[in-house]
Each structure stands twice: as C-alpha cells, then as structure tokens.
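Here the structure is laid out as structure tokens; the discussion comes afterwards.
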Amino acid sequence: MEPAKQDKKYNKTLLIPTDFSDVCGNAISHGVKLAKYLGYKVFILHIINKQTKSELRKKNVGFDYVDMRLKEYEKYYAKKYGVEIDTMAVEGSIFATIGLVAKEIKANLMVMGTHGKKGLQHVFGSFAVKVVEQSPIPVVVVQKRSFKAGYQSIVFPVSNDLEPRQAVQWAKLMSNLFTAKLHIFICPEKEKTRVNSLAMIIKQITAIFDSENVNYSVTTAARSAGFAEQIIDYSVMKHADLIMIMTRPNIEIPGFTLSSWDERLMFNEAQIPVMGINPIDYGYHISEWTGLGN
Numbered sequence: 060m061e062p063a064k065q066d067k068k069y070n071k072t073l074l075i076p077t078d079f080s081d082v083c084g085n086a087i088s089h090g091v092k093l094a095k096y097l098g099y100k101v102f103i104l105h106i107i108n109k110q111t112k113s114e115l116r117k118k119n120v121g122f123d124y125v126d127m128r129l130k131e132y133e134k135y136y137a138k139k140y141g142v143e144i145d146t147m148a149v150e151g152s153i154f155a156t157i158g159l160v161a162k163e164i165k166a167n168l169m170v171m172g173t174h175g176k177k178g179l180q181h182v183f184g185s186f187a188v189k190v191v192e193q194s195p196i197p198v199v200v201v202q203k204r205s206f207k208a209g210y211q212s213i214v215f216p217v218s219n220d221l222e223p224r225q226a227v228q229w230a231k232l233m234s235n236l237f238t239a240k241l242h243i244f245i246c247p248e249k250e251k252t253r254v255n256s257l258a259m260i261i262k263q264i265t266a267i268f269d270s271e272n273v274n275y276s277v278t279t280a281a282r283s284a285g286f287a288e289q290i291i292d293y294s295v296m297k298h299a300d301l302i303m304i305m306t307r308p309n310i311e312i313p314g315f316t317l318s319s320w321d322e323r324l325m326f327n328e329a330q331i332p333v334m335g336i337n338p339i340d341y342g343y344h345i346s347e348w349t350g351l352g353n
C-alpha cells in the first residue's frame, strides 16, 4: 500500500460522539478497539447543547469540565491501546453538528452508543436513527455489548431494495481484519423480473467475495414480509457480532420500513451492533473511504 497522499478525501479517522454516559463510554471502548484493528486514529466529540448546559449548571461547573472529561478519555485510551486520539467539544445541534464535524475531520467511520428505545429519549436514545440517516459516513450503532474479539460473525442482508454495493467494500475489509464469516441473508422474491434482478445482485456480490477469498454462506429468508424481524432472529442464531446494512431513509420497503429499522435493528434486544451505510455516490473514493485504497 502506497503512502497516503495529502489530497485524500478521507483521513483514516474514526469519530465517536459522547454524552459521557456509560453506554457512550462503551461506544468509546468499542470504537478505540476497532480503530486499532483498522489502523485509524480516533476523534472523540462532545456536542454542547441545552442538555449539556443544564448538566453543567447542576454540577456548578463551567465548560472546562467538558474539556477535562474529554482529556481523561484521551489519556486513558491512548495509553491503554496505543491509538492516536484527539478530542473536541463543539456547541451546536446533535443532528446537524455531528455530520459537519465528520466532514471537517474527513472521518471514514463513526461509532455511536445508544441507550436503546427505552429510557433516555434524547441525543443517543430513540433519535439515534436520525443521526444515522443524516450521517455522511457509515455508523456502527452499539448498545452495552462489548467489542470482545471483534467481528467474527457478520450478517449481511441483501434484497432488491437494499442493494449493498457500497457495503461490500466494508464487508471485505471486516472479513480480512477479523477472519470473519459473512452470512448473506436474502429477502426472497416472487415476481420473475425481481427474482432475476436479485439473482444478479447475489452473483455479483459472491463473485467479489470469491475473488477476495472471503468466507461466506448464503441463506434465503423464509418469507419477504417481516424481513427485519427475520434478520434479527437469524443474527442471534448465527451469534452475529455485527449486522451490516445499507440504509434507505424516507422510502417504503415492504417488510423493511423505517419503523422496523428503528425498533428491531438499531435497538435489537440481543444488542448486536448494527453498521448503517447510507447510499451515497462515492465514486472512485469508495476504496479510500474504507481504507482499502492507496
């Protein structure tokens, strides 16, 4: 691999937003360990909003308290894992500012903690899906489950409507890093044209995986309806460490609506991390985006 050029669109950086809660602390631990495997540096971000200001008033402390907490993370994780870490506190809106910072620092990937559907209903709670939808980079959403030995088992859903060309690049990378088994899970079709289209998609994906010596299996779901629920059940059966999927915000997909994504995938009770990749045209930057390019 040749040395990185200065005009690269991405910067081999993993972004981790935090609100200083325990679940976000787990996201930092998860993200730092993942960054070590990827050879990325880590950028820990706190968004100063109304909630932050309210908490600071309760503690009777100033903004320097935020900087102190961030520096504690930086010192601890840099020493423990030998990963380069930078931190930043920015005043703004969660939904707008995280994406802007991701672009500014040229991040490749984000790891974000969520409290799940129950409990806290702010920044990293039920609104986490909005951050994923608006993110310019892939987001790994984690709950309380630890990183452990990495992503050894990855479920890779495929359908005509969730065609994962960009996700293939990340799938290859994760497979190489962790010697992972990829489980391609197909949403079945009945109409002939769509059956043929799906077969072509699967053929293209498996051809790429074969050429890269990726270890994979192919399984078709029992039915097209309730695909999201079947993904979770299949992931539990396969002891999945990650579910990797292209997101499709603001469109209707039979059996895979935005509600299903919110309720069943991102906040799944098995707490399996979910990697959401928005369908963005990255062109020739796709290899660089994953760190596979020069």
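According to the numbering used here, numbering within the sequence shown proceeds without interruption in unit steps and concludes at 353. Quick reminder that beta carbons are idealized off the backbone N, C-alpha and C, glycines included.
Rounded to the nearest whole angstrom, the CA to CA distance from D300 to A86 is 14 Å.
Listed as beta-bridge partners of N274 by DSSP are K240. By the beta-carbon neighbour count (other beta carbons within 10 angstroms, threshold 16), M171 is buried. Per DSSP, reduced to three states, the secondary structure at K165 is coil, with no helix or strand assignment. Annotation: E133 to N255 spans about 51 Å, alpha carbon to alpha carbon. Going by DSSP, S212 is part of no alpha helix (DSSP H) but of the beta strand (DSSP E) stretching over S212 to V217. With contact defined as three or more Cβ pairs closer than 8 Å, the stretch 269 to 284 and the stretch 224 to 242 are in contact. A208 and Y96 have their C-alpha atoms roughly 11 Å apart. DSSP places M127 inside the alpha helix (DSSP H), whose first and last residues are D123 to Y140. In the DSSP annotation of this structure, the continuous segment of the beta strand (DSSP E) that includes M303 starts and ends at L301 to M305. Each residue's CA atom was taken as its position, placing G121 and Q110 some 14 Å apart. A direct Cα-to-Cα measurement between L324 and A187 gives close to 12 Å.
Of all C-beta pairs linking the stretch 263 to 272 to the stretch 146 to 161, fewer than three are shorter than 8 Å, placing the two stretches out of contact. CA-to-CA, the gap between Q263 and Q228 works out to about 13 Å.
Annotated as proximal: K92 and F206, with beta-carbon spacing under 8 Å.
In the structure shown, E150 adopts extended strand secondary structure according to DSSP, grouped into three states. Note that the C-beta distance between N70 and A166 is below 8 Å. A direct Cα-to-Cα measurement between Y210 and F102 gives close to 21 Å.
In the structure shown, V227 adopts helical secondary structure according to DSSP, grouped into three states. In the structure shown, the three-state DSSP call for H298 is coil. Its chain contains N219 and E248 as the residues whose beta carbon lies nearer than 6 Å to that of L257, once the 5 sequence neighbours on both sides are disregarded; these appear in chain order. Annotation: the stretch 79 to 117 contains the following complete segments of the alpha helix (DSSP H) (minimum length 4 residues), in chain order: 81 to 97. If the five residues before and after K118 are omitted, its C-beta is found closer than 8 Å to the C-beta atoms of Y124, all from its own chain and listed in chain order. Out of I144, P332, C83 and P197, the CA that lies nearest to the CA of V214 is found in P332. Leaving aside the five residues that flank T146 on each side, the residues in its chain whose CB is nearer than 7 Å to its CB run, in chain order, I103, L129, K130, Y132 and E133.
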